[in-house]
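In what follows, a structure is listed as structure tokens, so that the remarks can point back to it.
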Amino acid sequence: MTHDVNMAEGPASVADTTASTPSPKPSSSDHKNGDSRSRSDDAGRSHLTTSAVPSSSSALPPPSAMIHMRCLIVTQDASIIIGKGGSHVNEIRDKSGARVMVSESIPGNPERILNVSGPLDAVSKAFGLIVRRINDEPFDVPSVPGSRAVTIKFMIPNSRMGSVIGKQGSKIKEIQDASGARLNASEGMLPGSTERVLSVAGVADAIHIATYYIGNILIEAQERTPSSSSGHSSYRPSSYTRRPPYSGSSYVPGYSSHHPYAPSQNPPQQLQTQQIYIPNDLVGCIIGKGGSKINEIRHMSASQIKIMEPGAGLNGAPSSGSEGERLVVITGQPTNIQMAVQLLYHRLEQEKQKQLRASASSSSS
């Protein structure tokens, strides 16, 4: 039997992406009987008109609390989310107020990384809109029985997964009861990473609400035990990944655990610096519009990358490279530097192939 969710506060209007952000201060009557649930037999297909607050969450963070959430998406869904000329992703950004970025496609790997950051309420709203976009559903109509469920595969640091699961699965159960979504945490970590996959299946409203509670738990865990990023390794998909692996750090599609450029799970190493040279005429493709490409490589590799001015070397010395080359200085842990180099060379190769195709096309015409 499906019960309506007893909400502390309803949305101001249906146009506000249907599911409202959970109220930070639920009324005491919201869970008086402990039965206020919206559990659908089909992964959150019930009509969610509002959100319930799990009984143990007496002090949710303000909706303006900042968070960055990452998930794995298949390339086909990534194309839908981005849209022609970025039209879809720009619409999601505008309507949610969150920063939404999709990583580049890596040949041979079926997955890409979706990064969403901003205030907690904006991030959770964005994921609801993302599901609606994948399903080609209106942004301003509530989920109804028959709405298609979508699975979002969040990448959660292994050190935080226990907080999300709760004692004997209590937190997951609370989130499921409050949102109508179904949650499942992978046993192992993603290859070459300290991250695990948290699969959240449900309709758009269910994903919106579940994301808010997951983000709340992650923010609270960070406040209790702040951790240094040096002990955390993000998953990076590689071209060698044949199926979505579930083992864990920040996962980047395409880099499996046996790959020489995959981040290791060894103790943190001291920072090192490596220098490489790239052709002057290809610097633009590395930087990207407004620095978008170089910033993405920095984020994915967790490295500092500095492109020197033409003819400049380190510490004011002249460059030792050939004429027509620029020095690139990469600083980070050895495995992260290797990742950065691999991503930089991959980007250069993409641009070279693009130029070759353009040249062949112009000569044939």
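If you count the sequence shown from 1, position 355 lands on 355 in the UniProt record's numbering, and the numbers rise without skipping. From the three backbone atoms N, C-alpha and C, an ideal C-beta is built for every residue, glycine too. Note that the structure is a prediction, hence the values are computed from the model and not measured.
Discussion item. Just to confirm my understanding: we take G288, look at its own chain, exclude 5 residues before and 5 after, and list those with CB closer than 7 Å. What are they?
Written reply: Residue numbering aside, residue 288 sits at position 288 when the sequence shown is read from its first letter. So the list reads I294, once near-sequence residues are dropped.
Worksheet entry | N- and C-terminal bounds of the beta strand (DSSP E) containing E195 | Numbered from 1 along the sequence shown, position 195 holds the residue referred to as residue 195. Here the beta strand (DSSP E) through E195 covers E195 to G202.
Fill in: From Q274, E91, S96 and R132, residue whose alpha carbon lies closest to that of V77
What you label residue 77 is simply residue 77 of the sequence shown in a count that begins at 1. Per the sequence shown, residue 77 should be read as Asp rather than Val. If we check each option's Cα against that of D77, R132 comes out closest.
Worksheet item: Going by the beta-carbon positions, is the gap between G202 and G180 smaller than 7 Å?
Response: Locating residue 202 in the sequence shown gives position 202, where the first residue counts as 1. Locating residue 180 in the sequence shown gives position 180, where the first residue counts as 1. In this structure, G202 sits near G180, with a CB-CB distance shorter than 7 Å.
Worksheet item: What is the DSSP secondary structure of F139, reduced to helix, strand or coil?
Response: In the sequence shown, residue 139 corresponds to position 139, counting from 1. Note: F139 maps to coil in three-state DSSP.
Discussion item. Just to confirm my understanding: we take S58, look at its own chain, exclude 5 residues before and 5 after, and list those with CB closer than 6 Å. What are they?
Written reply: As a position in the sequence shown, residue 58 is number 58, starting the count at 1. Because S58 carries a pLDDT of 38, less than 50, the predicted location of this residue cannot be relied on, and the following value inherits that uncertainty. None.
Worksheet entry | Distance between R224 and I217 (C-alpha atoms, nearest Å) | Position 217 of the sequence shown, counting from 1, holds the residue named residue 217. Position 224 of the sequence shown, counting from 1, holds the residue named residue 224. Roughly 11 Å between the two C-alpha positions.
Practice prompt. Note the first and the last residue of the continuous beta strand (DSSP E) segment covering A312.
Written response: The count along the sequence shown starts at 1 and reaches residue 312 at position 312. No beta strand (DSSP E) contains A312, which DSSP labels as neither H nor E.
Item to complete: Under 6 Å Cβ to Cβ from L348, same chain only, skipping five residues before and after it: list those, please.
Response: Along the sequence shown, one-based indexing puts residue 348 at 348. Excluding residues within five positions, the ones whose Cβ falls inside 6 Å are L282.
Discussion item. Give me the residue from I152, H88 and H208 with the minimum Cα distance to A122.
Written reply: To locate residue 122, count along the sequence shown from 1; it is residue 122. Per the C-alpha coordinates, the member of I152, H88 and H208 positioned closest to A122 is H208.
Discussion item. So, at 6 Å on beta carbons, what are the nonlocal neighbours of Y213 in its own chain, with the 5 sequence-adjacent residues on each side left out?
Written reply: For this step, residue 213 is matched to residue 213 along the sequence shown. Excluding positions up to five away in sequence, the list reads I175.
Worksheet item: Which residues mark the beginning and the end of the alpha helix (DSSP H) in which I92 is found?
Response: Indexing the sequence shown from 1 puts residue 92 at position 92. Residue range S87 to S96 is occupied by the alpha helix (DSSP H) that includes I92.
Practice prompt. Might you give, ordered along the chain, the residues of its own chain that have their beta carbon closer than 8 Å to the beta carbon of H299, omitting 5 neighbours on each side?
Written response: Along the sequence shown, read from residue 1 onward, the residue named residue 299 stands at position 299. Closer than 8 Å at the Cβ level, and outside the excluded window around H299, lie N115.
Discussion item. Whole angstroms are fine: how far does the CA of K352 sit from the CA of S363?
Written reply: To locate residue 363, count along the sequence shown from 1; it is residue 363. To locate residue 352, count along the sequence shown from 1; it is residue 352. Distance between the alpha carbons of S363 and K352 is about 16 Å.
Worksheet entry | Alpha-carbon to alpha-carbon, K125 and S193 | Sequence index remark: in the sequence shown, residue 193 carries index 193 (1-based). Sequence index remark: in the sequence shown, residue 125 carries index 125 (1-based). Straight-line spacing of the CA atoms in S193 and K125 works out to 28 Å.
Worksheet entry | N- and C-terminal bounds of the beta strand (DSSP E) containing V144 | The count along the sequence shown starts at 1 and reaches residue 144 at position 144. Neither: V144 is in no beta strand (DSSP E) and is coded neither H nor E.
Discussion item. Here's the rule I'm using: 16 or more other beta-carbon atoms within 10 Å means buried, otherwise exposed. How should A204 be labelled?
Written reply: As a first step, residue 204 is located in the sequence shown; it is residue number 204 there, counting from the start. The residue in question, A204, is buried, as its Cβ has 16 or more Cβ neighbours within 10 Å.
Practice prompt. Could you spell out where the beta strand (DSSP E) holding N184 opens and where it closes?
Written response: Along the sequence shown, one-based indexing puts residue 184 at 184. Bounds of the beta strand (DSSP E) holding N184 are R182 to A185.
Practice prompt. Return the residue from the list D140, G284 and G108 that minimises the CA-CA distance to K95.
Written response: Along the sequence shown, read from residue 1 onward, the residue named residue 95 stands at position 95. The shortest Cα separation from K95 among D140, G284 and G108 belongs to D140.
Worksheet item: Between the region 97 to 114 and the region 67 to 81, do three or more beta carbon pairs fall short of 8 Å?
Response: Yes: at least three Cβ pairs fall under 8 Å.
Item to complete: Helix, strand or coil for I106, going by three-state DSSP, please let me know.
Response: Within the sequence shown, the letter at position 106 stands for residue 106. Under the three-state reduction of DSSP, I106 is assigned to coil, being neither helix nor strand.
Discussion item. Suppose the cutoff is 7 Å on Cβ atoms and the five residues either side in sequence are ignored; what does the same chain contact list for S79 look like?
Written reply: Stepping through the sequence shown from its first residue, residue 79 is reached at position 79. Sequence-distant Cβ neighbours of S79 in its own chain, meaning closer than 7 Å and more than five residues away, do not exist here.
Item to complete: Using beta-carbon positions only, say whether I130 and V102 come within less than 7 Å of one another.
Response: On the sequence shown, residue 130 is found 130 positions in, with the first residue counted as 1. On the sequence shown, residue 102 is found 102 positions in, with the first residue counted as 1. No.
Worksheet entry | Exposure label - Q338; buried when at least 16 CB within 10 Å | Against the sequence shown, residue 338 aligns to sequence position 338. Note on Q338: 16 or more other CB atoms within 10 angstroms of its CB, so buried under the neighbour-count rule.
Fill in: Endpoints, alpha helix (DSSP H) assigned at N115
One-based indexing of the sequence shown puts residue 115 at position 115. Taken as a continuous stretch (DSSP letters only), N115 belongs to no alpha helix (DSSP H), being part of the beta strand (DSSP E) at E111 to P119.
Worksheet item: Can you tell me whether DSSP reads N33 as helix, strand or coil?
Response: Locating residue 33 in the sequence shown gives position 33, counting from the first residue. Reliability of the predicted coordinates at N33 is poor, the pLDDT of 34 falling under 50, and no value is obtained from them.
Worksheet item: Using the rule of at least 16 other Cβ atoms within 10 Å of the residue's Cβ for burial, across every protein chain shown, is K167 buried or exposed?
Response: As a position in the sequence shown, residue 167 is number 167, starting the count at 1. Counting other Cβ atoms within 10 Å of its Cβ, K167 stays below 16 and is therefore classed as exposed.
Item to complete: Give me the Cα-Cα distance between Y345 and M69, rounded to the nearest whole angstrom.
Response: For the purposes of this step, residue 345 is taken as the residue at position 345 of the sequence shown. For the purposes of this step, residue 69 is taken as the residue at position 69 of the sequence shown. Taking C-alpha positions only, Y345 is separated from M69 by approximately 27 Å.
Worksheet item: Would A15 be called buried (16 or more neighbouring beta carbons within 10 Å of its own) or exposed?
Response: Along the sequence shown, read from residue 1 onward, the residue named residue 15 stands at position 15. The predicted model places A15 with a pLDDT of 37, which falls under 50 and marks its position as unreliable; any figure quoted below should be read in that light. Burial call: exposed.
Discussion item. Judging by CA-CA distance, which residue of V100, V329, V200 and V144 is the nearest neighbour of Q274?
Written reply: Locating residue 274 in the sequence shown gives position 274, where the first residue counts as 1. Selected option, being the one with the closest Cα: V329.
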